[in-house]
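Asker: This is the structure I want to talk about, given as structure tokens.
There are 2 protein chains.
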Amino acid sequence: MATLGGLERSVMSLLWDGGESLSANDVRDRLGEDLAVTTVLTVLSRLERKDMVRRERSTRPHRYTAVASREEHTVEMLNEVLGTAGDREAVLARFIGGIPDSEAAALRRLLQK
Amino acid sequence: MATLGGLERSVMSLLWDGGESLSANDVRDRLGEDLAVTTVLTVLSRLERKDMVRRERSTRPHRYTAVASREEHTVEMLNEVLGTAGDREAVLARFIGGIPDSEAAALRRLLQK
DNA sequence: CACCATTACTACAGCGTGTAGAAATCGACG
DNA sequence: CGTCGATTTCTACACGCTGTAGTAATGGTG
């Protein structure tokens, strides 16, 4: 269900890559785009509502962190997509048919264990 | 790119499951929801614009077919999601860590060959 | 308590989707 | 060939989501 808009996605990227918690001002500064802080705050609130972001309210500039890592989130998306799949195995078969050999090898390794 | 709304998705489901081409009236009849044909036509046109549906214009009730099978489409979605992943292999690792054993086995088989 | 930084609330435009009426079109039948 | 009914196109509008920000409230610090 978590369809993000462009700005929302940019903000999530910062939180994911930055590693740690950021204030609204931090976020605004790191986005190159010269936005009002209120804009960033709005976006952060919406991301909080979508459970993508957790907010530390006890500090004065509130600090925001991503609820899940980028990889965790991506896996969630994958599962969401697969949930609509009908025949999961058919999809996976087709999927691995199209991935580069290096990744196929990596998968084989991961599955062997 | 292909984010579908609820009705759009229902229509695609019909086209996918029905197997063959349907007219707008066919679609309207199969949706339980008592919609105007024009509504269905609008949705079909939008799906055509999104390249989800092909339309046979030469017959009088135009006939509509899904451009890709449900599985093909799902694979496209998967790749789209993976495209935003950052570290694809990390995501895949996490992903296969969470799938049921039966599917893991199936994957192993598929990768072996 | 007053002031500045921060946050909350409110607003609005633009776009996608669901929904459908009115107008145009097309083929068949007389 | 003209008419009529079915089909398609065009136009419209409401609603929700996103980007964007102003204004009002709030909270700590001197």
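These protein sequence lines map, in sequence, to chains A and B. Under the UniProt record's numbering, the first residue of the first sequence is numbered 1, with each subsequent residue one higher. Under the UniProt record's numbering, the first residue of the second sequence is numbered 1, with each subsequent residue one higher. Here a beta-carbon is modelled for each residue, glycine too, at the ideal position from N, C-alpha and C.
#1: Have a look at residue 62/B and residue 84/A and give me their C-alpha separation to the nearest angstrom.
#2: Among the candidates 96/B, 45/B and 112/B, whose CA atom is the shortest distance from the CA of residue 8/B?
#3: Per DSSP, what kind of secondary structure is residue 104/B in: helix, strand or coil?
#4: So, is residue 23/A buried or exposed, given that buried needs 16 or more other C-beta atoms within 10 angstroms?
#5: Name, going along the chain, the residues of the stretch 81-97 of chain A whose beta-carbon falls closer than 9 Å to a beta-carbon of chain B.
#6: For the ligand HEM, I want to know if residue 111/A counts as a neighbour, meaning its beta carbon is within less than 6 Å of at least one of the ligand's heavy atoms.
#7: What residues in its chain sit with their C-beta under 6 Å from that of residue 55/A, if we drop five residues either side in the sequence?
#8: Taking C-beta pairs closer than 7 Å, name the residues in chain B that residue 3/A reaches, listed in chain order.
#9: Compute the distance between the beta-carbons of residue 52/A and residue 67/A, then report whether it is under 7 Å.
#10: Tell me the rounded alpha-carbon separation between residue 39/B and residue 105/A.
#11: With distances taken from CA atoms, which of 88/A, 109/A, 94/A and 97/A is nearest residue 102/B?
Answerer: Short version:
#1: 28 Å
#2: 45/B
#3: helix
#4: buried
#5: 81, 82, 84, 85, 86, 87, 88, 89, 90, 91, 92, 93, 94, 95, 96 and 97
#6: With respect to the ligand HEM, the structure shown offers nothing to examine, as it has no ligands at all.
#7: 48, 62 and 64
#8: 3
#9: yes
#10: 48 Å
#11: Ranking 88/A, 109/A, 94/A and 97/A by Cα distance to residue 102/B puts 88/A first.
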